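Asker:
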Amino acid sequence: MLTRRTLLAASATALTAPLAAPAIAQSRTKLRFAGGGVALYGYMPFFIAIGQDLFAKHGLEADIAMFPGGANAMQAVLGGSSDVACGFYEHTIQIAAKGGHLTAFVLQAQNSGLALGVRADLAGEIKTAADLKGRKIGVSAPGSATHLFAMAAMVKAGIKPNDAAAIGVGTTQTAIAAFQSKQIDALSLFDPIIAELESRKEIVVLADARNTAGSAALFGGPYASGSLYGESTWLSKNEAPARMAAAAIVDAVNFLKKATPEQAIAALQKGMCFLGSDVCEAAFTSNREAFNHDCTISQAQAETVKRAMGSFDQKIADANVDLGPTFTNKLVKG
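When we follow our numbering, the leftmost residue of the sequence shown carries the number 2, and every step to the right adds one.
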């Protein structure tokens with residue numbers, strides 16, 4: 002697990018980007034964040050906020066712990082070791098179906114941003130997601146958004162969500178290593194990992210939700226993906242720091258709407274783009290539709306996510322989930 006000190010040590014000198022300089026504060030409110038993996042584009046605003054000290058600008062001392070996937074970050078919040086998770090909105094619905102209460106309070110990215118691909122040497126055998134039956138799919142961590150995406154793609158293709166095994170491979174070079182060493186047959190992940198494997202012609206994409214059209218085609222409507230969320234009771238008692246965190250994300254999203262690919266990648270903390278600036282900048286261009294929003298979650302987006310999750314999780318399909326408590330926009334609009 003990476004700590005805030007590890008993540009930020011490489012970025013003592015902020016890279017040049019058209020963002021406002023952090024305000025100098027005599028004291029800041031500490032907020033403990035759990036990051037759901039170094040998934041560059043799904044959570045890019047979060048990493049921009051880190052790299053450009055936007056949390057500090059809005060009065061927060063950000064204590065950040067990074068985990069291999071969103072499921073781990075969610076558990077950190079549920080267990081009380083973190084206050085806020087950087088994870089997919091869908092986790093709030095997953096927990097609501099179990100009687101728990103998580104609330105997303107700012108949207109980082111619309112669209113899913115994920116892609117599912119098969120090793121090029123298996124492309125002759127695995128031509129659609131239906132052919133993944135009995136295969137091993139690499140995901141950031143079992144139960145994370147990458148795993149849920151793979152299951153949704155399999156169900157849409159006509160097979161059961163547990164017809165393939167999910168193998169946790171993380172979100173960095175470990176995922177590439179597992180793919181290239183043939184420990185897994187397919188991979189469900191974000192760019193720039195998918196983009197890098199595509200550039201090497203090592204992967205053939207079967208399901209692609211990296212843009213609005215692809216996301217809508219798979220899920221049948223507008224989608225909410227990367228967000229910040231917290232346990233509902235905690236959030237009701239800590240609206241002020243949550244509002245500060247939301248403001249930092251809003252700043253980052255507004256920056257990404259207008260940034261050039263070079264500016265966007267430069268605004269990340271040094272070392273975040275571990276595959277090289279050329280790959281990351283090209284992938285940003287392909288993913289920038291994800292940031293064309295106002296950081297709120299709509300009812301239509303929430304309903305699409307619930308419907309998609311219910312397609313492969315019978316417990317969610319059967320549960321009478323009230324979507325109202327799973328998200329709030331007042332900390333962004335208020």
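Heads up, the beta-carbon is just placed ideally off N, CA and C, and yes, glycines get one too.
Bear in mind the structure is a predicted one, so any value in this text is a computation, not a measurement.
Looking at the structure shown, is V254 part of a helix, part of a strand, or coil, going by DSSP?
Answerer: In this structure, V254 counts as helix in the three-state DSSP scheme.
Asker: Beta carbon of C281, beta carbon of V251: below 8 Å?
Answerer: Taking 8 Å as the Cβ cut-off, C281 and V251 do not qualify as a contacting pair.
Asker: Can you tell me where the beta strand (DSSP E) holding E232 begins and where it ends?
Answerer: It spans 227-232 - the beta strand (DSSP E) in which E232 sits, taken as one unbroken run.
Asker: The alpha helix (DSSP H) with G139 in it runs from where to where?
Answerer: No alpha helix (DSSP H) contains G139, which is instead part of the beta strand (DSSP E) from 137-140.
Asker: Check I51 in the structure and name its three-state DSSP category.
Answerer: DSSP places I51 in helix when its eight states are reduced to three.
Asker: Between E91 and N212, how many whole angstroms is the CB-CB distance? I'm expecting something under 8 Å.
Answerer: At roughly 19 Å, the Cβ-Cβ gap does not stay under 8 Å, so E91 and N212 are not in contact.
Asker: Give the range of the alpha helix (DSSP H) segment to which D319 is assigned.
Answerer: From DSSP, the alpha helix (DSSP H) with D319 extends over 315-319.
Asker: Taking only the alpha-carbon atoms, compute the straight-line gap between R33 and G125 and give it to the nearest angstrom.
Answerer: Cα-Cα distance, rounded: 47 Å.
Asker: Just curious, the beta strand (DSSP E) that V333 is in, first and last residue?
Answerer: Run containing V333: none in the beta strand (DSSP E); it sits in the alpha helix (DSSP H), 331-334.
Asker: Just to confirm my understanding: we take H59, look at its own chain, exclude 5 residues before and 5 after, and list those with CB closer than 6 Å. What are they?
Answerer: So the list reads M245, A248, A249, once near-sequence residues are dropped.
Asker: Would you please verify whether the beta carbon of G100 is less than 8 Å from any beta carbon of chain B?
Answerer: Given the protein chain composition of this structure (a single chain), no chain B is represented.
Asker: Buried or exposed: where does L8 fall if 16 or more other Cβ atoms within 10 Å of its Cβ makes it buried?
Answerer: Residue confidence for L8 is low, a pLDDT of 42 falling below 50, so the modelled location carries little weight; the figure read from the coordinates is stated next. Burial call: buried.
Asker: Do you know whose CA, among G36, V39, P46, G37, lies nearest A260's CA?
Answerer: Among G36, V39, P46, G37, the Cα nearest to that of A260 is on P46.
Asker: DSSP three-state call for A166: helix, strand or coil?
Answerer: Strand.
Asker: How big is the Cα-Cα spacing for G221 and T305?
Answerer: Using only the alpha carbons, I get a separation of about 7 Å.
Asker: With DSSP run on the structure shown, which of helix, strand or coil describes K58?
Answerer: Three-state result, K58: helix.
Asker: T104 by DSSP, collapsed to three states: which one?
Answerer: Three-state result, T104: strand.
Asker: What is the C-beta distance between V85 and L207, in whole angstroms, given that I count them as a contact (C-beta under 8 Å)?
Answerer: With 8 Å as the limit, V85 and L207 do not qualify as a contact, their Cβ atoms being about 33 Å apart.
Asker: State the Cα-Cα distance for the pair L269 and L20, rounded to the nearest angstrom.
Answerer: Those two C-alpha atoms are separated by around 12 Å.
Asker: Could you compute how far the alpha carbon of A116 sits from the alpha carbon of V107?
Answerer: Looking at the two C-alpha atoms, the distance is approximately 23 Å.
Asker: Residues in its own chain within less than 8 Å of A26 by CB, not counting five upstream and five downstream?
Answerer: Note that A26 scores a pLDDT of 48, beneath 50, so its modelled location is shaky; the value from the coordinates is reported in the next line. Correct list, in chain order: A57, G60.
Asker: Rounded to the nearest angstrom, what separates G227 and C87 at their Cα positions?
Answerer: If you take the alpha carbons of G227 and C87, they lie about 7 Å apart.
Asker: Closer than 8 Å by C-beta to M273: which residues in its own chain qualify, once you throw out the five before and the five after it? Chain order, please.
Answerer: The answer, listed in chain order, is V39, L41, F48, G52.
Asker: Assuming D186 contacts L123 (C-beta within less than 8 Å), just tell me the rounded distance between them.
Answerer: About 6 Å; that satisfies the 8 Å criterion.
Asker: What is the DSSP secondary structure of R289, counted as helix, strand or coil?
Answerer: Three-state result, R289: helix.
Asker: For a test of the three-state rule: what should DSSP assign to I94, helix, strand or coil?
Answerer: In this structure, I94 counts as helix in the three-state DSSP scheme.
Asker: Taking all protein chains shown into account, decide if G144 is buried (16 or more other Cβ within 10 angstroms of its Cβ) or exposed.
Answerer: Result: buried.
Asker: Is the CB-CB distance between A167 and I138 below 8 Å?
Answerer: A contact, by the Cβ cut-off of 8 Å.
Asker: I'd like to check one pair, M75 with F313: are the Cβ atoms closer than 8 Å?
Answerer: Their beta carbons are not under 8 Å apart, which means F313 does not touch M75 by this criterion.
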